[in-house]
Amino acid sequence: MDLSARGIAKSVVKRANSFGATPISSRGVLNRALGPGALKKAAGGKVVLVTGASTGIGRAAAVKLAAAGAQVLVVARSEDLLTELVHEITREGGTAFAYRCDMTDLEQIDALVSKVLDRHGHVDVLVNNAGMSIRRKVRHSVDRFHDFERPMHLNYFAAVRLTMGLLPTMVERENGHVINISSWAAMLHPARFSGYTASKAALEAWSDCVQGEVLDDGVVFTNVRMPLVRTPMITPTKLYSRMPALSMDQAADVVCDAVVSRSRRVTPLVAAWAAFAESVSPGFGDYLRKNAI
Ligand SMILES: NC(=O)c1ccc[n+]([C@@H]2O[C@H](COP(=O)([O-])OP(=O)(O)OC[C@H]3O[C@@H](n4cnc5c(N)ncnc54)[C@H](OP(=O)(O)O)[C@@H]3O)[C@@H](O)[C@H]2O)c1
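Heads up: the sequence shown at position 101 corresponds to 101 in full-length UniProt numbering, and the numbers run straight through without jumps.
Quick look at the structure:
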């Protein structure tokens, strides 16, 4: 048995993997042993729908998945950015289709489902990535109830509606993978992010409940608790420029790894330790929350 720090770390990662969990370090997923060939095998020829693909993590993941041979369906509101992305992917020899959809409008999501199923027949992998974040103290939201409604509409209801639309064909085909781009906030419950955190936690909880219902139908839900990533979403918060964060490329690798591993959880190690410490002592979590940013 290898008792060096590296050996112990390897065995922790291996054990976590065997329980359906993938740990993330500050440089991305820890089990990169999956290798580039594994993504081609897992994603090649698959129909992969990525929401929020016009920028950030969704865009970077769509490019990598298309390069691995997936037919990528990219969804967002910014039609021009989606068209540009489709051209970029096509130029590189990949296949992509753009679907404009404002996901805060449930009717547009239903129309998207119909179009996608008519044209592609099914979706193998759904990446629920479109999202928005709000960082504001509750006392400043007293007259702004929409600070809680807006993240719920996009981060929770939209993802649920789209998943509900695609789930029946996944169950029928006994094959499907739903990857939720959640956040480590859903574990750490940071101060000032109550609306955002609640919406991500709701999607994780909903997915876990449904997982129990489709366990024997070949459908897997993965909750990716993404740590901080340098994307347009965090640009307005100056403080984040000084904090460690994954690059968009590293975050896209995290998503691609989830496609390969079909892990139930992808979790930053630091968040796992913090959540464990809080389960033993809630006061510890409160102390961190009060004193962190
Ligand atoms: N960046 C981070 O540090 C971080 C950390 C943890 C989790 N996450 C999660 O990662 C996901 C991606 O975030 P990101 O950082 O890549 O942010 P981003 O660059 O701001 O991308 C957000 C995406 O969502 C789309 N979107 C926003 N509103 C929409 C709507 N109403 N209908 C359809 N699409 C909509 C945007 O496209 P359009 O504007 O063109 O519609 C864009 O493509 C989010 O769910 C976020 O919560 C991010």
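C-beta atoms are modelled at their ideal positions from N, C-alpha and C, and glycine is treated no differently.
What you are looking at is a predicted structure, and each value in this text was computed from that prediction instead of being measured.
Are there 16 or more other CB atoms within 10 angstroms of the CB of residue i, so buried, or fewer, so exposed?
{"i": "Tyr287", "result": "exposed"}
{"i": "Val138", "result": "exposed"}
{"i": "Ala66", "result": "buried"}
{"i": "Trp273", "result": "exposed"}
{"i": "residue 295", "result": "The question about residue 295 has no answer here: the residues shown for the chain are numbered 1 through 293."}
{"i": "Pro232", "result": "exposed"}
{"i": "Ala277", "result": "exposed"}
{"i": "Asp124", "result": "buried"}
{"i": "Arg119", "result": "exposed"}
{"i": "Ser182", "result": "buried"}
{"i": "Thr51", "result": "buried"}
{"i": "residue 295", "result": "Since the first and last residues shown for the chain are 1 and 293, residue 295 lies out of range."}
{"i": "Ala292", "result": "exposed"}
{"i": "Ala33", "result": "For Ala33, the predicted model reports a pLDDT of 49, less than 50, meaning its position is unreliable and no value from the coordinates is stated."}
{"i": "Leu126", "result": "buried"}
{"i": "Ala146", "result": "Strictly speaking, residue 146 in this sequence is His, with Ala absent from that position. With fewer than 16 Cβ atoms within 10 Å of its Cβ, His146 is classed as exposed."}
{"i": "Phe193", "result": "buried"}
DSSP state of residue i, grouped into three classes?
{"i": "Val266", "result": "strand"}
{"i": "Gly131", "result": "coil"}
{"i": "residue 297", "result": "No answer is possible for residue 297: the residues shown for the chain start at 1 and end at 293."}
{"i": "Gly165", "result": "helix"}
{"i": "Ala33", "result": "Reliability fails at Ala33, whose pLDDT of 49 lies under 50, so the model's placement of it is uncertain and the value that follows must be treated cautiously. Ala33: helix per DSSP, three-state reduction."}
{"i": "residue 326", "result": "Not covered by the structure: residue 326. The range shown for the chain is 1 to 293."}
{"i": "Gly21", "result": "With the sequence shown as reference, residue 21 is identified as Ala, and Gly is not the correct amino acid for it. If DSSP states are grouped into helix, strand and coil, Ala21 belongs with the strands."}
{"i": "Ser183", "result": "strand"}
{"i": "Asn175", "result": "coil"}
{"i": "Thr197", "result": "helix"}
{"i": "Thr55", "result": "coil"}
Please name the residue in the options whose C-alpha comes closest to that of residue i.
{"i": "Arg264", "options": "Leu117, Asn223 and Asn129", "result": "Asn223"}
{"i": "Glu84", "options": "Ala98, Ile181, Gly218 and Lys46", "result": "Ala98"}
{"i": "Thr95", "options": "Arg289, Val48 and Val255", "result": "Val48"}
{"i": "His140", "options": "Gln108, Ser114, Ala191 and Val116", "result": "Ala191"}
{"i": "Arg59", "options": "Asp257, Asn129 and Ser11", "result": "Asn129"}
{"i": "Arg230", "options": "Arg136, Asp2 and Asp249", "result": "Asp249"}
{"i": "His87", "options": "Cys101, Ala111, Ala62 and Asp102", "result": "Ala62"}
{"i": "Thr237", "options": "Ser133, Ala21, Gly44 and Val266", "result": "Ser133"}
{"i": "residue 295", "options": "Lys115, Glu149, Met243 and His146", "result": "Because residue 295 is not part of the residues shown, which for the chain are 1 to 293, the question remains open."}
{"i": "Leu246", "options": "Gln71, Pro282, Arg262 and Met226", "result": "Met226"}
Would you check if the distance between the CB atom of residue i and the CB atom of residue j is smaller than 8 Å?
{"i": "Ala159", "j": "Asn180", "result": "yes"}
{"i": "Pro23", "j": "Leu269", "result": "yes"}
{"i": "Val280", "j": "Leu39", "result": "no"}
{"i": "Tyr156", "j": "Ser199", "result": "yes"}
{"i": "Leu112", "j": "Cys101", "result": "yes"}
{"i": "Thr169", "j": "Ala185", "result": "no"}
{"i": "Ser207", "j": "Val178", "result": "yes"}
{"i": "Gly165", "j": "Ile234", "result": "no"}
{"i": "Ala70", "j": "Ala53", "result": "no"}
{"i": "Ala271", "j": "Met187", "result": "yes"}
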